[in-house]
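Asks:
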Amino acid sequence: MDVDSGLARRLPPPPQSEEETSVEVQRRNLLVVLVNAQNEILLQDQQGVVVYANENDLEGGGGRSAMKDVIKSFVLNEANNPSLPQLIEEDFGAPIGIVPVTSNHVISIQNDATTRYSAYIAVQNEVVRAYNELREEGSRKYFGTSYEELTEDQKNQINKLYPQRISEAEPKNYGGE
Amino acid sequence: MGKFNKSGKKEMPALNTASMPDLVFAILFFFMVTTTMRSETLMVQMKLPTASEVQKLEKKSLVTYINIGPPMDANLGTGTQMQLNDRFAQVEDIQNYIAQEKASMNEADQPLMTVSIKADENTRMQYITDVKQALRQAYALKISYSARQGEN
Chain A
733 MDVDSGLARR LPPPPQSEEE TSVEVQRRNL LVVLVNAQNE ILLQDQQGVV
783 VYANENDLEG GGGRSAMKDV IKSFVLNEAN NPSLPQLIEE DFGAPIGIVP
833 VTSNHVISIQ NDATTRYSAY IAVQNEVVRA YNELREEGSR KYFGTSYEEL
883 TEDQKNQINK LYPQRISEAE PKNYGGE
Chain B
744 MGKFNKSGKK EMPALNTASM PDLVFAILFF FMVTTTMRSE TLMVQMKLPT
794 ASEVQKLEKK SLVTYINIGP PMDANLGTGT QMQLNDRFAQ VEDIQNYIAQ
844 EKASMNEADQ PLMTVSIKAD ENTRMQYITD VKQALRQAYA LKISYSARQG
894 EN
């Protein structure tokens with residue numbers, strides 16, 4: 733039987749009132765991923781901007797790191813860099829204990845009206861890949877096995893440690909074609 | 744001798760039906776093996792994008808499909824169309840469609856409903872965004888961007 737597969741995502745509920753519900757996010761906690769009408773991909777956080785020419789260029793090269801590595805270092809902020817997301821200490825229960833995490837970070841994926849769907853999916857995929865690798869690393873570090881072999885409870889612990897905080901913004905028109 | 748009785752009429756011997764059940768079962772099994780469950784016939788062409796991190800959508804009964812792509816029938820042009828069930832539809836029809844699908848579900852399963860967006864890779868994001876907004880309005884918040892497993 734053919735089984736459908738895809739990238740699962742959760743949409744925010746519809747806005748309750750007419751006025752737009754927006755959430756204030758500190759600038760340092762925000763990573764904007766923009767896929768424009770030419771299918772170029774821009775990653776922008778407070779550290780600077782990384783540009784990829786198209787969906788096949790996400791591996792980086794030429795002095796730029798791969799997109800997933802940019803995302804991983806953004807989510808981790810291992811060096812407690814003030815222009816990367818804020819680290820907050822949280823208790824995740826044994827055996828993880830109290831560790832500082834960037835629990836307020838947001839990755840905002842934005843697109844243009846004429847962006848190609850495949851470029852958008854490639855970007856989504858790359859973000860999910862970054863999270864999956866973080867979870868895999870966390871699982872090896874704290875439980876000594878791969879993420880796949882964890883029990884449901886352990887998986888939930890790891891998922892709480894690295895929650896997918898992805899926002900799919902409302903469309904904006906950045907100078908069409 | 745009664746053994747050679749020539750006075751009786753010649754009777755046709757009864758047809759041996761012992762093998763009939765075998766034949767019937769053979770045919771039955773043939774149909775069982777060759778029949779596929781009818782899924783909706785696609786009226787739009789789509790080449791799904793590839794992604795490496797896809798997850799399988801389990802529990803088929805909880806999944807509702809939205810197909811997006813250029814129509815198969817070349818007479819209908821090459822513009823992006825959307826197919827819900829067996830007919831073309833507009834973005835405005837999504838809310839009704841979702842409500843209908845939800846109503847046909849078990850009440851306990853309704854919050855678990857997943858909408859799988861199967862869109863052609865060349866679709867413009869404007870269309871997808873409109874669909875996403877309509878799904879939000881319909882409170883179908885669990886979605887899945889359908890993609891083929893592959894290296895990116």
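Residue numbers (the numbering used here), protein chains in the order written: chain A, 733 to 909; chain B, 744 to 895. Just so it is clear, CB atoms sit at the ideal spot from N, CA and C, and this is done for glycine as well. Predicted model only: the values in this text are computed from it and were never measured.
#1: Specify the secondary structure class of B:Phe-831 as computed by DSSP and reduced to three states.
#2: Should B:Asp-816 go down as buried or exposed, given a rule of 16 or more other Cβ atoms within 10 Å for buried?
#3: Take the Cβ of A:Val-936 as the centre, count every other Cβ of all protein chains shown within 10 Å, and call the residue buried at 16 or more, exposed below.
#4: If you measure from the beta carbon of A:Val-807 to each beta carbon in chain B, is any gap under 8 Å?
#5: Here's a check: name, in chain order, each residue in its chain whose Cβ is nearer than 7 Å to the Cβ of A:Val-764, leaving out the five neighbours to either side.
#6: When you compare the CB positions of A:Asn-809 and A:Thr-834, do they come within less than 8 Å of one another, or not?
#7: In three-state terms, what does DSSP make of B:Leu-766?
#8: Just to make sure I have the definition right: I need the residues of chain A whose C-beta is within less than 8 Å of the C-beta of B:Pro-792. Which are they?
#9: Extract the residue ranges of the alpha helix (DSSP H) inside the stretch 792-835 of chain A, only unbroken runs of 4 or more that lie entirely within it.
#10: Can you pull the chain A neighbours of B:Leu-878, defined as C-beta to C-beta under 9 Å?
#11: A:Val-860 and A:Leu-766: beta carbons closer than 8 Å?
#12: Of the residues that make up the stretch 774-799 of chain A, which ones have a beta carbon closer than 7 Å to any beta carbon in chain B?
#13: Under 8 Å between the Cβ atoms of B:Gln-853 and B:Ala-877?
#14: Spatial neighbours of A:Arg-848 within its chain, please: C-beta separation below 7 Å, excluding the five flanking residues on both sides.
#15: Indicate whether at least one CB of chain B lies closer than 8 Å to the CB of A:Glu-909.
#16: According to DSSP, A:Asp-844 sits in a beta bridge with which residue or residues?
#17: Can you tell me whether B:Ala-794 is buried or exposed, with buried defined as 16 or more other CB within 10 angstroms of its CB?
#18: Any contact of the stretch 850-865 of chain B with the stretch 787-802 of chain B, i.e. 3+ C-beta pairs under 8 Å?
#19: Rank B:Ala-883, B:Gln-892, B:Ala-761, B:Thr-777 by C-alpha distance to the C-alpha of B:Gln-843 and give the top, closest one.
#20: Output needed for B:Leu-827: all residues of its chain with C-beta closer than 6 Å, excluding positions within five of it in sequence on either side, in chain order.
#21: Could you pull the DSSP bridge partners for B:Ala-862 from this structure?
#22: Mind checking who A:Arg-741 pairs with in its DSSP beta bridge?
#23: Determine the burial state of A:Ala-826: buried for a count of at least 16 other Cβ atoms within 10 Å of its Cβ, exposed for fewer.
#24: Out of curiosity, what's the CA-to-CA distance linking B:Val-797 and A:Gln-896?
#25: Give me whichever residues DSSP pairs with B:Met-825 in a beta bridge.
#26: Quick one: Cα of A:Gly-908 to Cα of A:Asn-812, how far?
#27: If you count every other CB in all the chains shown that lies within 10 Å of the CB of A:Ser-815, and 16 or more means buried, which is it?
#28: Tell whether a beta-carbon distance below 8 Å holds between A:Ala-851 and A:Glu-787.
#29: If contact means a Cβ-Cβ distance below 8 Å, which residues of the stretch 861-875 of chain B contact chain A?
#30: Tell me the DSSP secondary structure of A:Val-859 in three-state form.
#31: CA-CA distance, B:Lys-803 and A:Asp-885?
#32: Considering just the uninterrupted stretch of the beta strand (DSSP E) at B:Glu-844, what are its terminal residues?
#33: Just reading off the beta strand (DSSP E) that A:Glu-777 is part of, what are its end residues?
#34: Listed from N- to C-terminal order along the chain, which residues in the stretch 884-899 of chain A have their beta-carbon within a distance smaller than 8 Å of any beta-carbon of chain B?
#35: Do you know offhand how far A:Val-781's Cα is from B:Met-868's?
Replies: In this structure, then:
#1: As a first step, residue 831 of chain B must be located in the second sequence, where it is residue number 88. DSSP places B:Phe-831 in the strand class (E or B) of the three-state scheme.
#2: Within the second sequence, residue 816 of chain B is the residue found at index 73, counting from 1. Looking at its Cβ environment, which holds fewer than 16 other Cβ atoms inside 10 Å, B:Asp-816 is exposed.
#3: As displayed, chain A neither begins before 733 nor continues past 909, which places residue 936 of chain A out of reach and without an answer.
#4: Walking along the first sequence from the start, residue 807 of chain A turns up at place 75. No, no contact with chain B.
#5: For the purposes of this step, residue 764 of chain A is taken as the residue at position 32 of the first sequence. Correct list, in chain order: Gln-776, Ser-840, Gln-842.
#6: Mapped onto the first sequence, residue 809 of chain A falls at position 77. Mapped onto the first sequence, residue 834 of chain A falls at position 102. For A:Asn-809 and A:Thr-834, yes; Cβs fall inside 8 Å.
#7: In the second sequence, the residue the question calls residue 766 of chain B occupies position 23. In the displayed model, B:Leu-766 falls within a helix according to three-state DSSP.
#8: On the second sequence, residue 792 of chain B is found 49 positions in, with the first residue counted as 1. Neighbours of B:Pro-792 on chain A, chain order: Tyr-849, Ser-850, Ile-853, Ala-854.
#9: 799-808
#10: Here the question's residue 878 of chain B lines up with position 135 in the second sequence. Within chain A, the residues near B:Leu-878 are Leu-743.
#11: Along the first sequence, read from residue 1 onward, the residue named residue 860 of chain A stands at position 128. Along the first sequence, read from residue 1 onward, the residue named residue 766 of chain A stands at position 34. Between A:Val-860 and A:Leu-766, the CB-CB gap reaches or exceeds 8 Å.
#12: Per Cβ criterion, the list is empty.
#13: As a first step, residue 853 of chain B must be located in the second sequence, where it is residue number 110. As a first step, residue 877 of chain B must be located in the second sequence, where it is residue number 134. No, the pair does not count as a contact, with Cβ atoms beyond the cut-off.
#14: Within the first sequence, numbered from 1, the residue matching residue 848 of chain A stands at position 116. For A:Arg-848, where only same-chain residues beyond five positions count, the Cβ hits under 7 Å are Asn-771.
#15: Position 177 of the first sequence, counted from the first residue, corresponds to residue 909 of chain A. With a pLDDT of only 36 at A:Glu-909, under the threshold of 50, the placement of this residue in the model should not be trusted; the figure read from the coordinates follows. Chain B contact via Cβ: absent.
#16: Taking the first residue of the first sequence as 1, we reach residue 844 of chain A at position 112. Bridge partners of A:Asp-844 according to DSSP: none are assigned.
#17: The sequence position of residue 794 of chain B within the second sequence is 51, counting from 1. With 16 or more other Cβ atoms within 10 Å, it is buried.
#18: yes
#19: Stepping through the second sequence from its first residue, residue 843 of chain B is reached at position 100. The shortest C-alpha separation from B:Gln-843 is found at B:Ala-883.
#20: Counting from 1 along the second sequence, the entry for residue 827 of chain B is found at position 84. Around B:Leu-827: Tyr-840.
#21: Here the question's residue 862 of chain B lines up with position 119 in the second sequence. Per DSSP, B:Ile-811.
#22: Reading the first sequence from its first residue, position 9 is the one you call residue 741 of chain A. Paired residues: B:Ile-886.
#23: Here residue 826 of chain A refers to the residue found at position 94 of the first sequence. When all chains shown are included, A:Ala-826 counts as exposed.
#24: Numbered from its first residue, the second sequence carries residue 797 of chain B at position 54. Numbered from its first residue, the first sequence carries residue 896 of chain A at position 164. Computed Cα separation, rounded: 15 Å.
#25: Locating residue 825 of chain B in the second sequence gives position 82, where the first residue counts as 1. In the DSSP assignment, the residues bridged to B:Met-825 are B:Ile-811, B:Ala-832.
#26: Position 176 of the first sequence, counted from the first residue, corresponds to residue 908 of chain A. Position 80 of the first sequence, counted from the first residue, corresponds to residue 812 of chain A. Confidence at A:Gly-908 is low in this model, with a pLDDT of 41, below 50, so the placement of that residue is unreliable and no value is reported for it.
#27: As a first step, residue 815 of chain A must be located in the first sequence, where it is residue number 83. A:Ser-815 comes out exposed.
#28: For the purposes of this step, residue 851 of chain A is taken as the residue at position 119 of the first sequence. For the purposes of this step, residue 787 of chain A is taken as the residue at position 55 of the first sequence. In this structure, A:Glu-787 lies closer than 8 Å to A:Ala-851 by Cβ.
#29: Lys-861, Ala-862, Asp-863, Glu-864, Asn-865, Thr-866, Arg-867, Met-868, Gln-869, Ile-871, Thr-872, Lys-875
#30: In the first sequence, residue 859 of chain A corresponds to position 127, counting from 1. Reduced to three states, the DSSP call for A:Val-859 is helix.
#31: Numbered from its first residue, the second sequence carries residue 803 of chain B at position 60. Numbered from its first residue, the first sequence carries residue 885 of chain A at position 153. So the alpha carbons of these two residues sit roughly 25 Å apart.
#32: By 1-based counting over the second sequence, the position of residue 844 of chain B is 101. B:Glu-844 -> not in any beta strand (DSSP E); alpha helix (DSSP H) instead, spanning 837-846.
#33: Along the first sequence, read from residue 1 onward, the residue named residue 777 of chain A stands at position 45. Note that residue 777 of chain A corresponds to Asp in the displayed sequence, not to Glu. Its beta strand (DSSP E) spans residues 773-777.
#34: none
#35: In the first sequence, counting from the first residue as 1, residue 781 of chain A sits at position 49. In the second sequence, counting from the first residue as 1, residue 868 of chain B sits at position 125. Spanning the two alpha carbons is a distance of roughly 23 Å.
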